[in-house]
Structure formats: structure tokens, C-alpha cells
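Okay, so here's the structure we're looking at.
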Amino acid sequence: MTLVHSGKVRELYDAGEGRLLMVASDRLSAFDVVMAEPIPEKGRVLTAMTVHFLHELADLAPSHLITADPAELPPEAAELGGDAGLAGVAGRAVLVRRAEMLPIECVVRGYLAGSGWKEYSATGTLHGMALPAGLEQASRLPEPMFTPSTKASEGHDLNISFDEAADLVGKEMADKARDLCVEAYRRGAAAAQRNGIIVADTKFELGVIDGELALCDEVLTPDSSRFWPAEQWRPGTNPPAFDKQPVRDLLENSGWDKTPPPPPLSPDIVAETSARYIEAYEKVSGRRLADWYGASG
Ligand code: Q0Z
7 MTLVHSGKVR ELYDAGEGRL LMVASDRLSA FDVVMAEPIP EKGRVLTAMT VHFLHELADL
67 APSHLITADP AELPPEAAEL GGDAGLAGVA GRAVLVRRAE MLPIECVVRG YLAGSGWKEY
127 SATGTLHGMA LPAGLEQASR LPEPMFTPST KASEGHDLNI SFDEAADLVG KEMADKARDL
187 CVEAYRRGAA AAQRNGIIVA DTKFELGVID GELALCDEVL TPDSSRFWPA EQWRPGTNPP
247 AFDKQPVRDL LENSGWDKTP PPPPLSPDIV AETSARYIEA YEKVSGRRLA DWYGASG
């Protein structure tokens, strides 16, 4: 299959007939650098989580998903699984419809973190919108906010105002995207909160398929969101990442200068990180990873 796009942690292939095959790897990136050691099950976790939420949100919006069932993938998909053949990609490959992607990242924030906290602490605003005074780092926002950015091919995305997003995609499309993403975030964050995980913010990628706005790409995964352990959330602090905090701590404490190559991850850190991804999936979805495609045994 022809490789269309290779990201830091996943690949996109042309599957013909207006379809794409998205393959999530077990690679992990931290501080924008890909680690040498794969994290077992990470690709299956991210894929299972996205498919779970696409089903949960099906009444809100159509999606690009055709199938995640390995038996329904094009036969050439087996070539991507290495020596294991189809079993090598089972559970981490999805066949999707090609969409006309919106040229914006649809970010929704429920808490003040990252660039949102940076802006607020400097100006008291979030994407130019006034917020109440007195909020701290990691404070919960009065309401989830749609905070779009532009897709930068190199480096980091650039935060833009709602009006700038409307200039890029049209006012009607921007309104629709905001309403869809805020509601999708509310539902996903509520499900996660019930099980001890805060989804501080998340990024949706939307596209148009057959004239309809559709959810594409990853949905409410730890790679497209900030997941925090609810019991460690304290406003005024920067809560740890549910998924990769042990990796970040190791890298921070190693004296590494954040240019490749990164220091190796110990087998313990790899195993703990794998367990955290699986726990995150099982908590936010209420499902077992063992019941997802590609389970061993
Ligand atoms: C997703 C990406 C990946 C690297 C393009 N349904 C769609 N139609 C058209 N384009 C896309 C999709 Cl999902 C699309 N990406 C992000 C995915 C590897 C980058 F697997 N880029």
C-alpha cells in the first residue's frame, strides 16, 4: 500500500476507492521526540478508544470509520504486520473514508493547562476571550471552551480566535464544528470523570464526507488529549499526565537535553506505561482491552 503520511507515532496509507488505512504504532513520543522502545498495546489502546468514542458519539455526528475488523481490511493490510501478517496490525489499523479535512485543529478545553494557562496568566484571556479573574493553573473552566488552532506542518500549532477559524472554514462550518466538539468533549469528559480520569482538554480533527461534517482521526485518546488522574488534580499545580508521566519524570531527571536520541526507557518504565494506557482505556470506556481485536491468546 502507498504510504500517504507518516506521523511521529502512526502511518496513513492509501487503500484505494476513496479510502485510507490508519495504522497506530506502539511508538511513544515525549517532549516531541519518539522513544526507541515501543510501548506494548499502545496502538491497540488508542485505536480501541477512538472506535469506542466514535460509537458513543454516533448520534452527534457521522465519522470516517468504515471498519476496524481485521477480517474486513484490504488484503494488502497483512503486509504491514511484518512477520505476523494480519495479526501484526489487528486492533491497531482502521479503514476509513477519505475526507476533505478542515484546515483547523478543533481543540476544546475544560481546564486551564498548557498554552491556555500560559495565555491566561499573561493576559487574563483564553484565545482572546475574557475569563473570570483568579483562575489558577489547572483550574476548571466555568464552561468548556472551543479554542481552535491552525495546523502547522512543522513545529507547534498556532492558537487562533473563533473569528479567525471562521475566516478559514466559513462562519456556518465554524459554528457547527464548535457545537459538535464542545458536546463531544462534554460527553467524553463526563464518562472519564466518573472513572477517576479528568480530560483537561482534547483535540478533534473534522472533515467533510459526502457534504456532511464528520469526526475523523483520533477521538478522545491520551495522545490527542490531556488525561489527568482525578485524585492528583490540585488547582495551582501542573497535574501529572495519566499516561506518560513516568516517562517524562525519567527524561526530566536524566539530564537529557531534549534532542534525539533520548535516553533508553527501562523495562519497568515500559511496562508501567503500557499498563497505564490499558487502564486509561478500560476506565474511560468501561470495556476490556482483551475484548478488542488482536488480543493475544
Ligand atoms: C488524517 C494523520 C495518520 C499521520 C490526514 N479520513 C481522513 N481523510 C483525509 N485525511 C485524513 C483522514 Cl483521517 C488525515 N491525518 C493525520 C494520520 C498518520 C497523520 F495515521 N492526515
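Numbering of the sequence shown is given in the working numbering, commencing with residue 7 and proceeding in unit increments.
Ideal Cβ positions, reconstructed from N, Cα and C, are used throughout, including at glycine.
Here the structure is a predicted model, which is why all the values come from computation and not from measurement.
Original post:
Beta-carbon separation of Arg98 and Arg50 under 8 Å?
Top reply: Translated into positions along the sequence shown, residue 98 becomes position 92. Translated into positions along the sequence shown, residue 50 becomes position 44. Their beta carbons are under 8 Å apart, which means Arg98 touches Arg50 by this criterion.
Original post:
Do Ala64 and Cys222 have their C-beta atoms within less than 8 Å of each other?
Top reply: Within the sequence shown, the letter at position 58 stands for residue 64. Within the sequence shown, the letter at position 216 stands for residue 222. No, these two residues do not count as a Cβ contact at 8 Å.
**OP:** Answer yes or no: the CB of Gly213 versus the heavy atoms of ligand 1, is any distance below 7 Å?
**Re:** Along the sequence shown, one-based indexing puts residue 213 at 207. Yes, ligand 1 has a heavy atom inside 7 Å of this Cβ.
Original post:
Who are the near neighbours of Met7 in its chain, counting only those whose CB is closer than 6 Å to its CB and skipping five residues on each side?
Top reply: Within the sequence shown, the letter at position 1 stands for residue 7. Tyr19 and Glu82.
Original post:
By a C-beta neighbour count over all protein chains shown, 10 Å radius and 16 as the cutoff for buried, is Pro252 buried or exposed?
Top reply: Counted from its first residue, the sequence shown places residue 252 at position 246. By the neighbour-count rule (16 or more Cβ atoms within 10 Å), Pro252 is buried.
**OP:** From the DSSP output, in three-state form, read off Tyr117 for me.
**Re:** Taking the first residue of the sequence shown as position 1, residue 117 is located at position 111. The answer is strand: DSSP assigns Tyr117 an E or B state.
**OP:** Would you check if the segment 105–118 and the segment 178–190 touch, i.e. whether three or more CB-CB distances between them fall below 8 Å?
**Re:** yes
**OP:** Would you check if the distance between the CB atom of Val95 and the CB atom of Leu86 is smaller than 8 Å?
**Re:** The sequence position of residue 95 within the sequence shown is 89, counting from 1. The sequence position of residue 86 within the sequence shown is 80, counting from 1. Going by C-beta atoms, Val95 is nearer than 8 Å to Leu86.
Original post:
Once you ignore the five residues that flank Leu295 on each side, which residues in its own chain have a CB closer than 6 Å to its CB?
Top reply: Indexing the sequence shown from 1 puts residue 295 at position 289. Result list for Leu295: Ile284 and Tyr287, in chain order.
Original post:
In three-state terms, what does DSSP make of Leu63?
Top reply: Residue 63 sits at position 57 when you count from the first residue of the sequence shown. Reduced to three states, the DSSP call for Leu63 is coil.
Original post:
So the beta strand (DSSP E) Tyr191 belongs to, where does it begin and stop?
Top reply: For the purposes of this step, residue 191 is taken as residue 185 along the sequence shown, with counting starting at 1. Element bounds for Tyr191: not the beta strand (DSSP E) but the alpha helix (DSSP H), Lys177 to Arg200.
Original post:
In chain order, what residues of the same chain have a beta carbon less than 7 Å from the beta carbon of Glu218, not counting five sequence neighbours either side?
Top reply: Taking the sequence shown and counting its residues from 1, the one referred to as residue 218 is at position 212. Cβ within range, chain order: Pro68.
Original post:
Do you know how far the Cα of Ala21 is from the Cα of Pro80?
Top reply: Translated into the one-based positions of the sequence shown, residue 80 becomes position 74. Translated into the one-based positions of the sequence shown, residue 21 becomes position 15. Distance between the alpha carbons of Pro80 and Ala21: 7 Å.
Original post:
If you draw a straight line from the alpha carbon of Thr73 to that of Glu142, how long is it in whole angstroms?
Top reply: Here residue 73 corresponds to residue number 67 of the sequence shown, with the count starting at 1. Here residue 142 corresponds to residue number 136 of the sequence shown, with the count starting at 1. Cα to Cα, the separation comes out at about 42 Å.
**OP:** For the alpha helix (DSSP H) containing Thr279, list its first residue and its last residue.
**Re:** Along the sequence shown, one-based indexing puts residue 279 at 273. Run containing Thr279: Pro273 to Ser291, per the alpha helix (DSSP H) assignment.
Original post:
With which residues is Ala99 paired in a DSSP beta bridge?
Top reply: One-based indexing of the sequence shown puts residue 99 at position 93. Bridge partners of Ala99: Val29.
Original post:
Is Cys112 near ligand 1, going by C-beta to nearest heavy atom under 7 Å?
Top reply: On the sequence shown, residue 112 is found 106 positions in, with the first residue counted as 1. Not under cutoff, so the answer is no.
Subject >> Exposed unless 16 or more other CB atoms sit within 10 angstroms - verdict on Gly140 >> reply: For the purposes of this step, residue 140 is taken as residue 134 along the sequence shown, with counting starting at 1. By the 10 Å Cβ count, Gly140 comes out exposed.
Original post:
Helix or strand or just coil, what does DSSP make of Asn259?
Top reply: Position 253 of the sequence shown, counted from the first residue, corresponds to residue 259. Reduced to three states, the DSSP call for Asn259 is helix.
Original post:
For Arg103, is the beta carbon positioned less than 7 Å from some heavy atom of ligand 1?
Top reply: Locating residue 103 in the sequence shown gives position 97, counting from the first residue. Within the cutoff, so yes.
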